[in-house]
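Asks: Quick one: the structure is below, questions incoming.
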Amino acid sequence: MSTINAGRKGSAQLEVMHKAGWKIDENEKACYIDIDEDNDDENDQLDESQRVYSRWSELPNIALEEIFTYLTPKERYYASLVCRHWYRTFYLPTVWHNFVVDDRTLTRPKYNYYSGWQYCLDHMRTQNCLARIGKHLRGIEFRPWHSFNNIYQFMTLLSWSIDKGLEHNPQSELIGMGRCIRSLVYHFPCNMSQPNDPEGIKLFGTGGQLLKGLKELLLRLTDLHTLKLVDFVLERFEANHLLDEVVCSCCTKMRVLNLVNVTTVHCPIMHVGLFLNLRVLTISPQNIDDDVLSLLADTKLRHLHLLQNCYTPNHLTISACGVKAWRSLKLTNPRLRVHLRLENLTDGEVVMQPEAPVHSITYWAPRARIRTELVIRMVDHYKNTLAVYGHELLPRFSSPKPFHNRIDSLLLLMCRQCFNLDTLIIREKVSTSTLLLIARTAKNLATLHVRRFAVILRCDWPRHPEWSNDFYLWLKRNSRSYEAVEREISQILGYKWNLLSDHDFKLLTVNVKAGA
2 MSTINAGRKG SAQLEVMHKA GWKIDENEKA CYIDIDEDND DENDQLDESQ
52 RVYSRWSELP NIALEEIFTY LTPKERYYAS LVCRHWYRTF YLPTVWHNFV
102 VDDRTLTRPK YNYYSGWQYC LDHMRTQNCL ARIGKHLRGI EFRPWHSFNN
152 IYQFMTLLSW SIDKGLEHNP QSELIGMGRC IRSLVYHFPC NMSQPNDPEG
202 IKLFGTGGQL LKGLKELLLR LTDLHTLKLV DFVLERFEAN HLLDEVVCSC
252 CTKMRVLNLV NVTTVHCPIM HVGLFLNLRV LTISPQNIDD DVLSLLADTK
302 LRHLHLLQNC YTPNHLTISA CGVKAWRSLK LTNPRLRVHL RLENLTDGEV
352 VMQPEAPVHS ITYWAPRARI RTELVIRMVD HYKNTLAVYG HELLPRFSSP
402 KPFHNRIDSL LLLMCRQCFN LDTLIIREKV STSTLLLIAR TAKNLATLHV
452 RRFAVILRCD WPRHPEWSND FYLWLKRNSR SYEAVEREIS QILGYKWNLL
502 SDHDFKLLTV NVKAGA
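Using our numbering, read the sequence shown as starting at 2 and increasing by one per residue.
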């Protein structure tokens with residue numbers, strides 16, 4: 002009898018073990034998950050009518066493709082194990098239109114006696130992956146952290162696969178390899194400072210075999226429309242030949258080109274003027290000069306973005322292009338718009354370009370203030386063309402409260418002189434009366450973003466001789482409450498307008514019309 006009971010108990014344990022299993026956590030460590038027997042009994046007792054089934058498996062392919070594009074390759078694989086429909090979605094071409102390559106992509110851990118466990122590129126997995134999805138790739142993005150060797154080997158394997166696909170009798174899975182790639186993005190982590198020093202900057206540029214592998218790949222991508230090379234920090238002799246291969250293969254096909262901090266010293270990149278059908282160019286101000294502008298005059302360029310970030314040299318060390326060069330460019334290409342932008346967590350200023358057709362000046366810099374001399378120069382140079390001006394992010398400084406120390410008069414001067422101004426973002430302290438005057442003065446103003454926390458309930462403007470009694474009473478009466486200001490500005494702008502909380506202001510991004 003005891004033997005029978007022991008047998009029943011053993012069979013029950015085996016049944017429970019079959020219901021249990023191993024699970025891989027986020028650190029790729031295995032842990033044994035035992036299923037509670039009581040819960041299983043309760044689930045078995047449920048009627049079929051009481052069971053609740055999700056309908057995620059019935060999502061259409063268009064929605065699933067969009068969802069899968071936001072996942073990493075590893076997450077896509079796990080999602081494909083959910084059901085047959087999701088498994089088929091994993092192999093749809095649209096899912097693999099954009100491929101992001103970082104230090105962990107298609108790698109396996111390998112133990113090194115000197116450095117411990119490291120992630121190395123798995124060549125067999127990479128070849129199989131490229132054979133499956135290589136013909137569907139439309140965009141590829143390289144984002145290395147530290148392991149540059151993995152990125153180099155991936156670029157080499159992709160170049161080799163493209164060559165094999167162009168042979169006389171290629172393998173069937175390699176036919177069309179890389180033929181649909183239209184976009185290539187490479188962000189190089191040039192800052193090698195320690196993690197415990199967030200504001201420290203130690204620049205190390207790319208070059209050598211890594212740059213050679215990239216150029217070999219660019220030579221084989223003959224249908225590129227978009228190329229973005231960010232923070233390469235090259236030497237001059239390398240920067241002068243960076244785009245040799247791209248010009249040979251894509252001089253008439255390139256539409257969007259992004260070259261940020263190709264060098265940290267003055268080094269004009271002449272190749273940018275050889276892309277005849279270029280529409281949008283983003284470049285650092287130290288990499289253009291009068292000769293580059295003369296070449297751009299013969300292209301179809303519509304938007305020239307001069308971008309400065311934390312790795313760009315100080316604005317005092319960068320020389321602006323000549324007035325004659327800008328005037329000649331405007332005559333030859335009157336539809337060109339120039340956009341000045343600063344992205345820096347420390348203080349800084351944009352490099353002014355006198356006589357340039359500047360359409361927007363934007364800051365992504367929490368320590369940058371609105372300075373009197375800069376606003377006066379800006380109004381003097383760009384009063385006929387400026388349409389967008391603003392500071393993003395919350396300020397990391399305190400604004401003064403007295404009227405004569407604030408920026409109210411500078412903002413009103415800008416609105417009076419720059420008659421094309423349609424977008425204005427204000428984050429420093431201003432009064433409610435200033436906001437009402439700005440809305441009344443800027444005739445073409447369509448978008449106004451203001452931090453509610455920085456607005457002072459006050460009518461502190463001295464009465465102007467040209468103001469009528471009714472207007473001055475209107476200004477004083479509606480400056481007493483936030484609700485009145487929002488109501489009056491809504492009537493002026495023609496839509497429901499509200500002051501922004503700090504949370505909403507942090508999410509704000511400048512919308513440059515028809516920009517990049």
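Beta carbons are placed, not taken as given, at the ideal position from N, Cα and C, and that holds for glycine.
Can you find the residues in the same chain that come closer than 7 Å, C-beta to C-beta, to residue 302, ignoring five residues on each side of it along the sequence?
Replies: 279, 280, 282, 334 and 337
Asks: Using the C-alpha atoms, what's the distance from residue 72 back to residue 47?
Replies: Legend: pLDDT at residue 47 = 49, less than 50; position of this residue unreliable, no value from coordinates given.
Asks: Which residues in the same chain as residue 431 place their Cβ atom closer than 8 Å to its Cβ, once the five residues preceding and following it in sequence are excluded?
Replies: Here residue 431 has 407, 408, 409, 412, 451, 455, 456 and 457 as same chain residues with Cβ atoms under 8 Å from its own Cβ, once five neighbours each way along the sequence are excluded.
Asks: Since residue 501 sits in a beta bridge, which residues does DSSP pair it with?
Replies: Under DSSP, residue 501 forms a beta bridge with 452.
Asks: Below 6 Å CB to CB, which residues in the same chain sit around residue 356 once its five sequence neighbours on both sides are set aside?
Replies: 324, 327 and 328
Asks: Measure the alpha-carbon distance for residue 1 versus residue 437 and round it to whole angstroms.
Replies: Because the chain here runs from 2 to 517, residue 1 falls outside it and cannot be looked at.
Asks: Between residue 134 and residue 102, which are expected to be in contact by the criterion C-beta below 8 Å, what is the C-beta distance as a whole number of angstroms?
Replies: No, residue 134 and residue 102 are not in contact; Cβ-Cβ is about 12 Å, not under 8 Å.
Asks: If you compare alpha carbons, which of 250, 268, 93 and 147 is closest to residue 180?
Replies: That would be 250, whose Cα lies nearest to the Cα of residue 180.
Asks: Quick one: is residue 358 buried, meaning 16 or more other Cβ sit within 10 Å of its Cβ, or exposed?
Replies: buried
Asks: Would you tell me roughly how many angstroms separate the C-alpha atoms of residue 304 and residue 473, rounded to the nearest one?
Replies: 42 Å
Asks: Could you tell me which of 185, 120 and 371 sits nearest to residue 398, measuring between CA atoms?
Replies: 371
Asks: Among 152, 388 and 114, which residue has its Cα nearest to the Cα of residue 339?
Replies: 388
Asks: To the nearest angstrom, report how far apart residue 185 and residue 208 are at their CA atoms.
Replies: When rounded, the distance between both Cα atoms is 18 Å.
Asks: Does the Cβ-Cβ distance between residue 312 and residue 343 come in under 7 Å?
Replies: no
Asks: Does the beta-carbon distance from residue 286 to residue 319 come in below 7 Å?
Replies: The answer is yes: Cβ separation under 7 Å.
Asks: Over the uninterrupted alpha helix (DSSP H) stretch that includes residue 192, give me the two end residues.
Replies: First-last for residue 192: undefined, no H or E at that position.
Asks: Going by DSSP, what residue range makes up the alpha helix (DSSP H) through residue 124?
Replies: 124-134
Asks: Evaluate residue 88 with the Cβ neighbour count: other Cβ atoms within 10 Å of its Cβ, from every protein chain shown; 16 or more gives buried, anything less gives exposed.
Replies: Around the C-beta of residue 88, fewer than 16 other C-beta atoms lie within 10 Å, and the residue is accordingly described as exposed.
Asks: Out of 502, 422, 483 and 373, which one is the CA nearest neighbour of residue 428?
Replies: 502
Asks: DSSP three-state call for residue 467: helix, strand or coil?
Replies: coil
Asks: Counting only the same chain and skipping the five closest in sequence on each side, list residues whose C-beta sits under 8 Å from that of residue 92.
Replies: 133
Asks: With a threshold of 8 Å on Cβ separation, who are the neighbours of residue 352 within its own chain once the five nearest residues in sequence on each side are excluded?
Replies: Only 286, 307, 309, 316, 319, 321 and 341 meet the Cβ criterion.
Asks: Going by alpha carbons, who is nearest to residue 222 out of 247, 165, 264 and 277?
Replies: 247
Asks: From residue 288 to residue 121, what does the alpha carbon distance come to, in whole angstroms?
Replies: 36 Å
Asks: DSSP state of residue 118, grouped into three classes?
Replies: strand
Asks: DSSP on residue 92, reduced to helix/strand/coil?
Replies: Of the three classes helix, strand and coil, the one that applies to residue 92 here is coil, per DSSP.
Asks: Pick out whichever of 100, 60 and 104 has its Cα sitting closest to the Cα of residue 90.
Replies: 60
Asks: Please report the straight-line C-alpha distance between residue 415 and residue 449, rounded to a whole angstrom.
Replies: As the crow flies, the alpha-carbon of residue 415 is around 14 Å from that of residue 449.
Asks: Give the secondary structure of residue 247 by DSSP, where H, G and I count as helix, E and B as strand, and everything else as coil.
Replies: helix
Asks: Cα-Cα, which of 508, 241 and 178 is closest to residue 392?
Replies: 508
Asks: Please list, in chain order, all residues of the same chain as residue 498 whose beta carbon is under 8 Å from its beta carbon, the five residues on each side excluded.
Replies: 449, 487, 490 and 491
Asks: Run through DSSP, which three-state label would residue 229 get?
Replies: strand
Asks: Decide if residue 228 is buried, meaning its Cβ has at least 16 other Cβ atoms within 10 Å, or exposed.
Replies: buried
Asks: Which runs of the beta strand (DSSP E) spanning at least 3 residues fall entirely within the stretch 260-338, listed in chain order?
Replies: 281-284 and 304-309
Asks: Can the beta-carbon of residue 233 be found less than 7 Å from the beta-carbon of residue 263?
Replies: Yes, Cβ-Cβ distance for residue 233 and residue 263 is below 7 Å.
Asks: Since residue 140 is in the alpha helix (DSSP H), which residue starts that stretch and which ends it?
Replies: Unbroken run through residue 140 is the beta strand (DSSP E), 140-143; no alpha helix (DSSP H).
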